[in-house]
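S.K.: Protein chains in written order, with this note's numbering: chain A, 302 to 697; chain B, 302 to 697; chain C, 302 to 697; chain D, 302 to 697.
The beta carbon of each residue, even a glycine, is placed where N, CA and C say it ideally should be.
Mind looking over this structure? Questions follow.
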């Protein structure tokens, strides 16, 4: 495995050197006033990335999984009813966590490759006359299947049903890469991590709470200390933390949000879309299909590519690692062996993306797929050429 | 605050550049086989540092506080009885966590400056005829007071009482700096973090479970997912993690354990003792006393120094930060304003220690204490000169 | 210009992170004994890379140009006669330096794209009955044209002519990337720098002197101090330098030689040849030709690619930088505007090379060349697939 | 040797992390337009540090020694007459270089510990009726003896004598640390390097030429190519270099000048003076004396401290390195064994300086000098306390 090649896993991403350096800082006394100059801009930056005016943002030395647990334990009590859809490995895991914390789950099974079924959600919510459902879960981007769900649609389902349930969204592999509108979509808790759109090492759970979610904190009885946002909020109010913070990662998060906001969130999203379009053009040129069932579901941060019958998709990933020193993502759970994944989020250039496409192409040919070398690259090149913003001579 | 000066907080410590670089690694696919080459040596290295042959070691992207929660939630159920002593801020916080998780606490209040009262523990354990106490907590090194407690003595209390309770030890600011004998002392769970004796950035909870502690995991009903060691163990068995690991920090932990073991644990402890002796000689020369009540309690990783009546110890810390760019530790909780702390753990040289002592000296004089400039430095210099291992000419 | 993309200039190369870190070291007292532990292994390592048993190696804080000057000023006097061939920009510059130092130049003009004309050298040397020619210059790899000359052939020319002239070779862009045999080829002075095959930042001139070259040092009268190898040799004998050394770069050089020797020089050369073959296959697929006149002259460290009539090759380079953030090399001197150069030396992977080829392809299409997107990539992919050492399934 | 301790050699200095990072940059195409954004600000920054409006600044991948050679070879011809004083190792070496380049030296011998003898210079210049002396050399700060000479005084000597000779000043260990006024003092060539006041790794020769010096370039006949400022100037005019530049170091130089100018040059000089005053107070407390003969000669960048009869000063330096891992400077040339040197230039804090003083103290006691531990530290503490700018409580 060469550290000179880009990685194409759907996170952790390739890290810009500036962010690695921001995260790799010398020891700073986290009880000194300098810590505030890192902490508050990082929290404010996240809030802007979430497109929220009202959220309270909390950052824990943890991961997105810890973020899920923060959401649940701070707002719910054992036996509380939660509506969720299972359409991939990460929605599955959040459901599993709920179960282990004694929540009463109403689960909608969906195809791995489908989005969150907003119509079915609406039916269930309408049927819940007594408003027993406290929380609705939705995974914005199913990293396992490369499926982007319609969170605005989930909000409409709630509104159409006139249901007061809270809406908790896993935005781990979308926030910072794809459009996410916490306030506009009425998201009550948004969960993400440092190692995806923020382009940092893993190690931070990043969570935004709406005022409505904050209002649950005192009555929720699920036990928590490490993830208790009351201690965290008290710390922040004092420019501090309830325990030793991961200062370097917070410093990285501060810079990451500056970078995203300076580039402009819409530009960031457009950039991800461009890169993803190139990958999708390559998939099409190869005669393959995505796991995502329809174009409206295509994720701009990861593509899960179906391999033909008779081939184990995981072989492509192993082969890429062993022979070319390149990391792709394997299929997980129900789609294990059926898909391989190309992560294309974070700080990626056309040139880096092309090297990933070229490598996937070689691997597929090596293991016997009927793919023409250069075909996917050419399709992606065409996309990238046409969308650089550069006025081509041929067009002049 | 100059980043060129050493820090003298009791963790995070000054970080050797080799460890910063190990932690600051490029993105590695944590599902690749290379991850195993980081994970297992790190776990094995920790086990050796714990002086255990039988412990299972778990490392979470979290902090020592998360380590406490891991210990509790994986082995206990609401209402379980726990014996603990409160003799400082960190023992207090662990007790607070127990309470918030619904455990039935039997608390022994001790002076802030005293050690864990092993005699009192023994009395209570003897009195607990029905063995209702499931777990005994002990804080090996109270970072707030600079007090090292006698864990072997706690074990004797249990044994003398013939009590089967499990022994959980907070070794956050002792492990890797002061002698810790998990097997010999019959410690069932040992908790530490990355940012103290391991000289790394904060961000890892490091926990060792004895076989006896492991045996509790299936019956314990406190809810947990992020900190569930069953998921973690299943991950490790597969050279993986249940979620995205902090690969860089694990790589740093691997190197940190190599560094400690290559130096030799006893040499590491002797080195900490030497440095601490210099600091204590300075304190004595200043005519001041430590918060720790007697020499057997003196911590080799942090000294909490009592300031005379009429002075606010926190002023010394603020002044050092503002005027000299040096970070000391403030007093916490009951000893706030009464002590300031010099952390002297991790990778510290005589020369660095002397600069801390010299700075403390200037600060104390600046705020009006009757201290002679150079007096503490001279006392520490004498300690360091006599113990370098160098055969002095004068002695030849 | 993105720092995430590889560079494809013919030096400075892409730097492995390990070498960047070795070069970026904290201040070390260069008069301490630790300096010897860096200096001598670095010098010895270079000697092995030069394939010499007898050379004395000198390393100056300078560049290859300084290495040329070291060669001349330490062994020659004003008016001394020197034979040289001009077949590119770098051979031209060395000749210019000779002239400016008052040497009497006999210059053989050769086509830019041709190698050193060994037959013509032999004629001239045979004709020089009085052995007035003191030194013969040869540029092993003309970086400007991507032409590798036959140094063994130059040695044969000297031997066939029975001529005692010294042979000085510019190996700046060959040593460490392509086979170089100082002793076997009877090279008297070999010159290189840190930023090519050694994969380091620019900043070191690296020079090997044969015993025969060393014998000239006392009688040579060209003035020199900074580049005087006598001061340098005296310094080395004392584990020191005549002035402040670039300790970090020397530390990097030590590690670079270790990396090259651990990989095995022949493996390093084969790797460069593989990568270069892929680039050349792409050039062929594009229907273009190299500046190098024949396959025996093809350089494995840089390819200078001729663009068709009517196109300015420099536009490709500008376009790549402006639109795709990728650095290629422009044509220099006589071939300015006629060629663009792809550097493929140092630590490059197949995957990185493919991204360069894909980018060149897009640029050529963008500026209007009749090139098929993906065609060069496909040709290179085929080369890389067939030569990975991996047994392909299709072949099984 | 611990890399955690500060170094106290008179350069290379302790490097701020920001400068190490600026210097450690990824490969940038030095023929791209981005290079100009590094080069020109670096050159302009140096000009401001030199306090010159009219100088042309040149930066070579070399060292201060190369800077001396640049000065000589670009403006002089063999046989030209040069006036110089020898009062330490570095003035000696520049004289030696002149001799080796065939210049006709008129040397004024001065005590090692004395400054440049401006009166004697004036006499000689007055006596040189035919103005045969082309150049006067002066070493602003003799690093070997810790002596700062009076460059304004040398200018007055020239002016008083009505002599048109050029004035070349070695400011290697003064520029960026002590006041240097190129225009006001009529300095024609100023020479320095990257590893002193600029706090960077060694590897750059930095030279400023006055218009008068520039006017000599075409007529000077000393051979040069690498150090020819005409090639360098032509390169700069084209945003380029005549050969491969040390891009990272130039990037570091750009940032170093920004840091110095943002702090304010006068503040930088005051800071050096404060730190030096502390060291001198310690020397006085030890009952020792400086090599510099009188207070007006005391250098603010390095102190050369005389050891009493019967002690070898070099033992102190070896002992510090071996036992305490701290680097001081040995005595060189005539003062070898008689002095040891504490470098106190660059980015040094009070706290760092105190650790050096404390270490020197231990070493002197260890080898048997009659020094009281803590005495020098106390004297320096008093200086630092009184000059922090902080209003002491005692004084309030």
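Within 9 Å (strictly less), CB to CB, does residue 619 (chain D) reach chain B?
M.R.: Indexing the fourth chain from 1 puts residue 619 (chain D) at position 318. No, residue 619 (chain D) does not count as interfacial toward chain B.
S.K.: Tell me, which residues are paired with residue 507 (chain B) by DSSP?
M.R.: By one-based count along the second chain, residue 507 (chain B) stands at place 206. BP columns for residue 507 (chain B) point to B:360 and B:493.
S.K.: Please name the residue in B:529, B:412 and B:498 whose C-alpha comes closest to that of residue 747 (chain B).
M.R.: Past the boundaries of the shown model lies residue 747 (chain B); chain B is included only from 302 to 697, so the question cannot be answered.
S.K.: Which partner residues of residue 409 (chain B) appear in the DSSP bridge assignment?
M.R.: The sequence position of residue 409 (chain B) within the second chain is 108, counting from 1. Answer is B:386, bridged to residue 409 (chain B).
S.K.: So, is residue 444 (chain A) buried or exposed, given that buried needs 16 or more other C-beta atoms within 10 angstroms?
M.R.: Within the first chain, residue 444 (chain A) is the residue found at index 143, counting from 1. By the 10 Å Cβ count, residue 444 (chain A) comes out buried.
S.K.: Alpha carbon to alpha carbon, what distance is there between residue 552 (chain D) and residue 697 (chain D)?
M.R.: The residue given as residue 697 (chain D) occupies position 396 in the fourth chain. The residue given as residue 552 (chain D) occupies position 251 in the fourth chain. Residue confidence for residue 697 (chain D) is low, a pLDDT of 36 falling below 50, so the modelled location carries little weight; the figure read from the coordinates is stated next. Rounded to whole angstroms, the gap between the alpha carbons of residue 697 (chain D) and residue 552 (chain D) is 46 Å.
S.K.: Compute the beta-carbon to beta-carbon distance between residue 670 (chain B) and residue 612 (chain B), rounded to the nearest angstrom, for a pair I have assumed lies under 8 Å.
M.R.: Walking along the second chain from the start, residue 670 (chain B) turns up at place 369. Walking along the second chain from the start, residue 612 (chain B) turns up at place 311. Yes, they are in contact, since the Cβ atoms of residue 670 (chain B) and residue 612 (chain B) sit about 6 Å apart, within 8 Å.
S.K.: Out of C:488, C:627, C:427 and C:636, state which residue places its alpha-carbon closest to the alpha-carbon of residue 606 (chain C).
M.R.: Indexing the third chain from 1 puts residue 606 (chain C) at position 305. The candidate whose alpha carbon is nearest that of residue 606 (chain C) is C:636.
S.K.: Taking just the CA atoms, how far does residue 492 (chain C) sit from residue 566 (chain C)?
M.R.: Looking up residue 566 (chain C) in the third chain gives position 265. Looking up residue 492 (chain C) in the third chain gives position 191. Computed Cα separation, rounded: 18 Å.
S.K.: So, is the C-beta of residue 624 (chain B) closer than 9 Å to a C-beta in chain D?
M.R.: Position 323 of the second chain, counted from the start, is the residue given in the question as residue 624 (chain B). Contacts with chain D at 9 Å (Cβ-Cβ) include residue 624 (chain B).
S.K.: Decide if residue 597 (chain D) is buried, meaning its Cβ has at least 16 other Cβ atoms within 10 Å, or exposed.
M.R.: Taking the first residue of the fourth chain as 1, we reach residue 597 (chain D) at position 296. When all chains shown are included, residue 597 (chain D) counts as exposed.
S.K.: Quick one: does residue 323 (chain C) have its CB under 9 Å from some CB of chain A?
M.R.: Position 22 of the third chain holds residue 323 (chain C). It does not; no Cβ of chain A falls within 9 Å.
S.K.: Would a check of beta-carbon distances place residue 535 (chain D) closer than 9 Å to chain C?
M.R.: Start at 1 with the first residue of the fourth chain, and residue 535 (chain D) comes out as number 234. Answer no: the Cβ-Cβ gap between residue 535 (chain D) and chain C never drops below 9 Å.
S.K.: Along chain D, which residues have their Cβ under 8 Å away from the Cβ of residue 627 (chain B)?
M.R.: One-based indexing of the second chain puts residue 627 (chain B) at position 326. What residue 627 (chain B) touches in chain D: 652.
S.K.: Who are residue 582 (chain A)'s beta bridge partners in DSSP?
M.R.: Position 281 of the first chain holds residue 582 (chain A). Answer is none; residue 582 (chain A) lacks a bridge partner.
S.K.: Quick check: the Cα distance between residue 418 (chain C) and residue 468 (chain C), rounded to an integer number of angstroms?
M.R.: By one-based count along the third chain, residue 418 (chain C) stands at place 117. By one-based count along the third chain, residue 468 (chain C) stands at place 167. Whole-angstrom Cα-Cα distance: 14 Å.
S.K.: Please classify residue 427 (chain A): is it buried, with 16 or more other beta-carbons within 10 angstroms of its beta-carbon, or exposed?
M.R.: Taking the first residue of the first chain as position 1, residue 427 (chain A) is located at position 126. Exposed, because fewer than 16 other Cβ atoms sit within 10 Å of the Cβ of residue 427 (chain A).
S.K.: Under 9 Å between C-beta atoms, does residue 614 (chain D) make it to chain B?
M.R.: Taking the first residue of the fourth chain as 1, we reach residue 614 (chain D) at position 313. Judged by the 9 Å Cβ criterion, residue 614 (chain D) is not in contact with chain B.
S.K.: Below 8 Å CB to CB, which residues in the same chain sit around residue 550 (chain D) once its five sequence neighbours on both sides are set aside?
M.R.: To locate residue 550 (chain D), count along the fourth chain from 1; it is residue 249. Correct list, in chain order: 324, 362, 495, 501, 502, 504 and 505.
S.K.: Please report the straight-line C-alpha distance between residue 485 (chain D) and residue 545 (chain C), rounded to a whole angstrom.
M.R.: As a working note, residue 485 (chain D) is residue 184 in the fourth chain. As a working note, residue 545 (chain C) is residue 244 in the third chain. Answer to the nearest angstrom: the Cα atoms are 30 Å apart.
S.K.: Curious, which full-length beta strand (DSSP E) runs of at least 3 residues does the region 406-490 of chain A contain?
M.R.: 434-440 and 467-471
S.K.: Going along chain B, which residues have a C-beta under 8 Å from residue 641 (chain A)?
M.R.: What you label residue 641 (chain A) is simply residue 340 of the first chain in a count that begins at 1. Correct list: empty, because the minimum Cβ distance to chain B is about 12 Å.
S.K.: Cα-Cα, which of A:411, A:608, A:413 and A:382 is closest to residue 400 (chain A)?
M.R.: Translated into the one-based positions of the first chain, residue 400 (chain A) becomes position 99. Checking every option, the nearest Cα to that of residue 400 (chain A) belongs to A:382.
S.K.: For residue 556 (chain C), which residues of its own chain have a beta-carbon under 7 Å away from its beta-carbon, when the five flanking residues on both sides are left out?
M.R.: For the purposes of this step, residue 556 (chain C) is taken as residue 255 along the third chain, with counting starting at 1. Counting only Cβ-Cβ distances below 7 Å, and skipping sequence neighbours, we find 319, 320 and 323.
S.K.: Which bits of chain A does residue 594 (chain C) rub up against, with CB to CB less than 9 Å?
M.R.: Within the third chain, numbered from 1, the residue matching residue 594 (chain C) stands at position 293. What residue 594 (chain C) touches in chain A: nothing, since even the nearest Cβ is about 29 Å away.
S.K.: Could you tell me which residues DSSP pairs with residue 337 (chain C) in its beta bridges?
M.R.: As a working mapping, residue 337 (chain C) is identified with position 36 in the third chain. Paired residue(s): none; residue 337 (chain C) is not in a bridge.
S.K.: Can the beta-carbon of residue 685 (chain B) be found closer than 9 Å to that of residue 663 (chain D)?
M.R.: In the second chain, residue 685 (chain B) corresponds to position 384, counting from 1. In the fourth chain, residue 663 (chain D) corresponds to position 362, counting from 1. Yes.
S.K.: What did DSSP end up calling residue 619 (chain C) once you bin it into helix, strand or coil?
M.R.: The count along the third chain starts at 1 and reaches residue 619 (chain C) at position 318. Three-state DSSP puts residue 619 (chain C) in a helix.
S.K.: Contact criterion: CB-CB distance below 9 Å. Does residue 411 (chain D) meet it with respect to chain C?
M.R.: Against the fourth chain, residue 411 (chain D) aligns to sequence position 110. Chain C contact via Cβ: absent.
S.K.: Report the three-state DSSP secondary structure of residue 548 (chain C) (helix, strand or coil).
M.R.: On the third chain, residue 548 (chain C) is found 247 positions in, with the first residue counted as 1. Here residue 548 (chain C) sits in helix by DSSP.
S.K.: Going along chain B in order, which residues have a C-beta closer than 9 Å to the C-beta of residue 402 (chain A)?
M.R.: Walking along the first chain from the start, residue 402 (chain A) turns up at place 101. Those within 9 Å of residue 402 (chain A) in chain B are 524, 525 and 526.
S.K.: Note down the Cα distance separating residue 563 (chain D) from residue 332 (chain C), rounded to an integer number of angstroms.
M.R.: On the fourth chain, residue 563 (chain D) is found 262 positions in, with the first residue counted as 1. On the third chain, residue 332 (chain C) is found 31 positions in, with the first residue counted as 1. Going from the Cα of residue 563 (chain D) to the Cα of residue 332 (chain C) covers about 33 Å.
S.K.: In three-state DSSP terms, what is residue 591 (chain A)?
M.R.: Taking the first residue of the first chain as position 1, residue 591 (chain A) is located at position 290. Reduced to three states, the DSSP call for residue 591 (chain A) is strand.
S.K.: Going along the chain, which residues of the region 495-521 of chain A sit with their C-beta nearer than 8 Å to a C-beta in chain B?
M.R.: For the region 495-521 of chain A, which is checked against every Cβ of chain B, the residues closer than 8 Å are 496, 502, 503 and 504.
S.K.: Between the alpha carbons of residue 693 (chain B) and residue 609 (chain B), how many angstroms are there, rounded?
M.R.: Reading the second chain from its first residue, position 392 is the one you call residue 693 (chain B). Reading the second chain from its first residue, position 308 is the one you call residue 609 (chain B). Because the pLDDT at residue 693 (chain B) is just 43, under 50, the model does not fix this residue reliably, and the value given afterwards should be weighed accordingly. In a straight line, the C-alpha of residue 693 (chain B) is about 37 Å away from that of residue 609 (chain B).
S.K.: Starting from residue 565 (chain A), trace the beta strand (DSSP E) both ways and give me its first and last residue.
M.R.: Your numbering for residue 565 (chain A) matches position 264 in the first chain. Neither: residue 565 (chain A) is in no beta strand (DSSP E) and is coded neither H nor E.
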